[in-house]
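Under the numbering used here, the first residue of the sequence shown carries the number 9, and numbering increases by one thereafter.
For reference, the structure discussed in these notes is given below.
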Amino acid sequence: MPVSYVLFDLGNVIVDWDPMHLYRRRFGDEAKARWFCDTICTMDWHKAHDAGVSMDETIPALVEQHPEHADHIRAWRDEWMGMFAGYEPGVPALMARLEERRVPLYGLSNVSHEVMDDIAEAFPLVKVLRDLVVSGAEGVIKPDPAIFEIALDRMGRPDPGEVLFIDDRRDNAEAAEGLGFQTHHFQGAPGLEASLKRHDLL
């Protein structure tokens, strides 16, 4: 089945997001920053934000557990945009080429609804997407099949086989593939460009 739609993940596909960008600057030491991200503000802790839990709830609770790291923990929200290092190299140019060919572009991201306005303001390319499904607003995160169904609804219910889903996490791509989507495991713009060409999108 020919692919007619492209469904982008946001973090580490369109934009370069990594808490280490922020905490390297805060700690001034790679090992200390890595320890903090692996031990205190972990991805397991952050997953609640992607699922819709407010940082106003999670951050005070974590500060209570680790008061000695209170300033760094609060920075997760107060300095959120410091976790970004710009667009993923080469991806804006690919999106522009897809736009020129009038390929419908959509987004599906595990991200807190509380920070989406800030992200869209800092990265105007996000607004090129015809719609963006935000996990925090929906209360469900990838790789749960329910969020892919939400994305299909927002896209007007195409057959999943008509949609190329792009994600940097293999488990998310595999979940989409199991639902019938075409998928690409993102590892950089050159591989994505090749995939888009294979699907006759470029």
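Quick reminder that beta carbons are idealized off the backbone N, C-alpha and C, glycines included.
Values in this document were obtained by computation on a predicted structure and should not be read as measured data.
Residue interval of the beta strand (DSSP E) (run including residue i)
i      : result
Thr25  : In the sequence under discussion, the amino acid at residue 25 is Trp, which differs from the Thr named in the question. Unbroken beta strand (DSSP E) run through Trp25: 23-25.
Thr50  : That residue, Thr50, is in no beta strand (DSSP E); it is neither H nor E in DSSP.
Leu15  : 13-16
Val142 : 140-142
Leu113 : 113-117
Ala83  : Here Ala83 belongs to no beta strand (DSSP E); instead the alpha helix (DSSP H) covers 78-86.
Ala93  : 92-95
Closest residue to residue i among the options (Cα-Cα distance)
i      : options                       : result
Met9   : Asp167, Glu201, Pro75         : Asp167
Met51  : Trp84, Leu209, Ala39          : Trp84
Ile22  : Ile158, Ala130, Ile155        : Ala130
Val111 : Met163, His121, Ile67         : Met163
Tyr31  : Tyr13, Glu87, Asp24, Ala202   : Glu87
Ala184 : Leu200, Phe35, Leu160, Gly196 : Leu160
Residue i vs residue j beta-carbon contact at 8 angstroms
i      : j      : result
Val99  : Gly115 : no
Leu187 : Pro153 : yes
His29  : Met91  : yes
Asp24  : Glu96  : yes
Ala41  : Ile149 : no
First through last residue of the alpha helix (DSSP H) which encompasses residue i
i      : result
Val71  : 63-73
Ala104 : 99-108
Anticipated Cβ contact below 8 angstroms, residue i with residue j, distance rounded
i      : j      : result
Leu15  : Phe194 : Actually they do not touch by this definition, with Cβ atoms about 12 angstroms apart.
Ser143 : Ile127 : The pair is not a contact, with the Cβ atoms about 13 angstroms apart (cut-off 8 angstroms).
Can you list the alpha helix (DSSP H) stretches of 4 or more residues lying completely in the segment 158-196, in chain order?
If we require 4 residues or more, the alpha helix (DSSP H) runs fully inside the segment 158-196 come out as 178-186.
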